Each structure stands twice: as C-alpha cells, then as structure tokens.
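Residue numbers (this note's numbering), protein chains in the order written: chain A, 1 to 117; chain B, 1 to 117. Note sheet for the following structure.
2 protein chains.
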Amino acid sequence: MDSQVTDFSEVPQLYKRHVFACHTQRPPTHPRGSCGAAGAQPLWERLGNRIGNDGLTDVGFTVSGCLGFCSAGPLMVVYPEGIWYRPTTPEDIDEIVETHLKNGELVERLVMVFARA
Amino acid sequence: MDSQVTDFSEVPQLYKRHVFACHTQRPPTHPRGSCGAAGAQPLWERLGNRIGNDGLTDVGFTVSGCLGFCSAGPLMVVYPEGIWYRPTTPEDIDEIVETHLKNGELVERLVMVFARA
Numbered sequence: 001m002d003s004q005v006t007d008f009s010e011v012p013q014l015y016k017r018h019v020f021a022c023h024t025q026r027p028p029t030h031p032r033g034s035c036g037a038a039g040a041q042p043l044w045e046r047l048g049n050r051i052g053n054d055g056l057t058d059v060g061f062t063v064s065g066c067l068g069f070c071s072a073g074p075l076m077v078v079y080p081e082g083i084w085y086r087p088t089t090p091e092d093i094d095e096i097v098e099t100h101l102k103n104g105e106l107v108e109r110l111v112m113v114f115a116r117a
Numbered sequence: 001m002d003s004q005v006t007d008f009s010e011v012p013q014l015y016k017r018h019v020f021a022c023h024t025q026r027p028p029t030h031p032r033g034s035c036g037a038a039g040a041q042p043l044w045e046r047l048g049n050r051i052g053n054d055g056l057t058d059v060g061f062t063v064s065g066c067l068g069f070c071s072a073g074p075l076m077v078v079y080p081e082g083i084w085y086r087p088t089t090p091e092d093i094d095e096i097v098e099t100h101l102k103n104g105e106l107v108e109r110l111v112m113v114f115a116r117a
C-alpha cells in the first residue's frame, strides 16, 4: 500500500462485523433518558452471550458510551453496514443474531428510524 | 425494502464515518495494560474537539469499552472502513483527522498491525 490509499477494501479486516451497544446509564428520571434506563443491560448481556456461545468469532462486540438518540434506546449499531437497531426484547436480540450477524440480512422491523440531515 | 435485505448500500447512513475510541482505564500496574494507562484520554479529547470544531458533522465520535489488544493502545477504530489506529501524539490525531476523516485516505503508519486468524 502506498501513502495515499483510498481503496480501503485492500486492508485486511479484523472482524466481519463489529457490534457496538450503548451502555449509558442515567437515572430513571433524567430528562434525556438512556439506553440503560430503557432496559439495555440484560439485552446486551444476552447479545454478548449469544455471540460467544454460538462461536461467532468473526463478530466483534464492544460496549460503547452514548450514541445519541437517547430517547430511542436501547440502541446498538452494526458495522460495516452502519445499521442502527433498537431491540427491546430477548427475541429481538436473537433475531438480530440469527438474521443479521449470521445470515447477513437486515432486520428491518428493528431498525432505528432517523431523519436524514 | 423487503424482508430479506442483504444489499445494505440501500440503507441510508446516519454518518459517513463513525469513530470509536477506547476509554478503558486500568491501574498503571495492571498486567493487561489499557488505553487509558497508555495516555488515551488527552488524545480522544483532542479528537473530539477537532471533529466538533472543524464541523465534521458527518463523522460520529463515540467512546467505547475495551476493544481488545490492550497492549497496543491507545486504540481507535474507524467505520465503515474498519481501520484500527493506534495514535500516540496530538500530531497523530491531527493526521488522522485531516487524512482519513476529511480526505478519505489511509494513514498507514498509524494502522494497528494484527495477525489474521
């Protein structure tokens, strides 16, 4: 690679996919809300366990600070596709694991909707 | 979009690029090391300030928990390209901002080297 690489597809990838899940916890009465206050913790625990137990070694899983859009939480984002999901139940987590992380298909019903700038 | 979307390029993107920077802080004597112990905090502060002050509204910036590879820190990763950088000086941060985040070119000298599985 020379000093002006713009075709990033030639760079080897550590993970096929990398999930970031917001761990922000604000008090329940905080006006901004938070993913933690919306019940994120057990969902991310399940997600991490599924990724580990199902042997998805090509999927990275990292907790994150605030991703913004706090009132829409719990929020997670999957890269490189850049898909923001807002799961609320264990079944939602399982569907994201099976459909997106394993099969590479969008779980449209769980995508966070945002307005384009 | 139907229920089996696999071409994610049709999904609108919230950010052009999204930077995650590890904020893990372990004690200096911890055997695993940590990005915090390696001096990450002022680097990420500079990175966040640069992204904000330079008006890079299409770049997301989120702190993260442990990304792994702790002895290689400070570590940050840029998606969707999936490029892991290990900046150690303010000048490194500036180069990543100017070269990658603004111009879309790889800063090869700062890429974390890893062995493929």
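Idealized CB from N, CA, C, for every residue including glycine. Keep in mind the model is a prediction, meaning the values are calculated, not measured.
Residue i to residue j span [Cα, whole Å]
{"i": "D92(B)", "j": "L110(B)", "result": "8 Å"}
{"i": "D2(A)", "j": "H30(A)", "result": "Residue confidence for D2(A) is low, a pLDDT of 49 falling below 50, so the modelled location carries little weight; the figure read from the coordinates is stated next. Taking the straight line from one Cα to the other gives about 50 Å."}
{"i": "S9(A)", "j": "S34(B)", "result": "29 Å"}
{"i": "T57(A)", "j": "P12(A)", "result": "16 Å"}
{"i": "C70(B)", "j": "Y79(B)", "result": "20 Å"}
{"i": "H182(B)", "j": "L43(B)", "result": "The shown model of chain B, from 1 to 117, leaves out residue 182(B), and the question about it has no answer."}
{"i": "A21(A)", "j": "Q4(A)", "result": "32 Å"}
{"i": "P90(B)", "j": "V107(B)", "result": "14 Å"}
Interface partners of residue i on chain B, CB under 8 Å
{"i": "T62(A)", "result": "F20, S64, G65, C66 and L67"}
{"i": "H23(A)", "result": "G65"}
Chain-ordered neighbours of residue i on chain A, where CB pairs are closer than 8 Å
{"i": "G82(B)", "result": "F8, V11, Q13, L14, Y15, H18, Y79 and P80"}
{"i": "L75(B)", "result": "Chain A residues near L75(B): none, gap ~11 Å exceeds 8 Å."}
{"i": "V5(B)", "result": "E105, L106 and E108"}
Buried versus exposed, by CB contacts within 10 Å (16 or more), residue i
{"i": "A117(B)", "result": "In this prediction, A117(B) scores a pLDDT of 46, lower than 50, which makes its location untrustworthy; no coordinate-derived value is stated."}
{"i": "E45(B)", "result": "exposed"}
{"i": "V113(B)", "result": "exposed"}
{"i": "P27(B)", "result": "exposed"}
{"i": "G73(B)", "result": "buried"}
Continuous beta strand (DSSP E) stretch holding residue i: start and end
{"i": "A21(A)", "result": "R17 to C22"}
{"i": "I93(B)", "result": "Looking at the DSSP string, I93(B) is not in any beta strand (DSSP E); the run it does join, the alpha helix (DSSP H), is P90 to E95."}
{"i": "V63(A)", "result": "V59 to S64"}
{"i": "M76(B)", "result": "M76 to Y79"}
Span of the alpha helix (DSSP H), counted from its first residue to its last, around residue i
{"i": "G48(B)", "result": "A40 to N53"}
Own chain, CB closer than 7 Å to residue i, minus 5 neighbours either side, in chain order
{"i": "G48(B)", "result": "F61"}
Same chain, Cβ closer than 6 Å to residue i, five either side skipped, listed in chain order
{"i": "L67(B)", "result": "C22 and L75"}
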